[in-house]
Amino acid sequence: MNSFRQISIGQVEKYWNQRPCNIRHSPKPVGTKEYFDEVEARKYMVESHIPRFAEFENWRGKKVLEIGCGIGTDTINFARHGAEVTAVDLSEESLKVARQRAEVFGLQDRIQFYQANAEQLTATVPVQTYDLVYSFGV
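In terms of the numbering used here, the sequence shown is residues 21 to 158.
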């Protein structure tokens, strides 16, 4: 017997719009540098393997496609290390925070954000060649 029930993509989108991943990792005002610094510190404290696994520093000058970017913690680290990032998420609310984060850190020119279903990327995201396709937790 299958314990999973059918859930529409609209229901999934609604869920993540109401609960952007890691949004509550800091009590500081959302959108501030202090908020984003604390969110990143907590995320990488809990998931300390991510920076080693992602090897952010190895993608300087490369094109990275991140599927399921959430509020942009990994996205920012790829861009901070010199990658050109295409970041995709189903949740527009998560993307709003990710865009704020890019602006706070002055990285908005290195990142293109798209609201899209990961199963239908070509409907929204320009088709191009990437050096890395990255997705963590989707």
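All C-beta atoms, glycine included, are put in the ideal place defined by N, C-alpha and C.
Asked, Found
"Just confirm the distance between the C-beta atoms of residue 42 and residue 113, as a whole number of angstroms; I'd bet it's less than 8 Å.", "13 Å between Cβ atoms; not a contact."
"Name the residue from 119, 93, 107 whose alpha carbon lies nearest to the alpha carbon of residue 65.", "93"
"Rounded to whole angstroms, what's the CA-CA distance from residue 84 to residue 110? Just pull it up for me.", "18 Å"
"Return the chain-ordered ranges of every alpha helix (DSSP H) run that is complete within the region 32-72 and spans a minimum of 4 residues.", "53-66"
"Can you give me the start and stop residues for the beta strand (DSSP E) that residue 135 sits inside?", "131-135"
"Any idea if residue 27 is buried or exposed, counting beta-carbon neighbours within 10 angstroms, 16 or more meaning buried?", "exposed"
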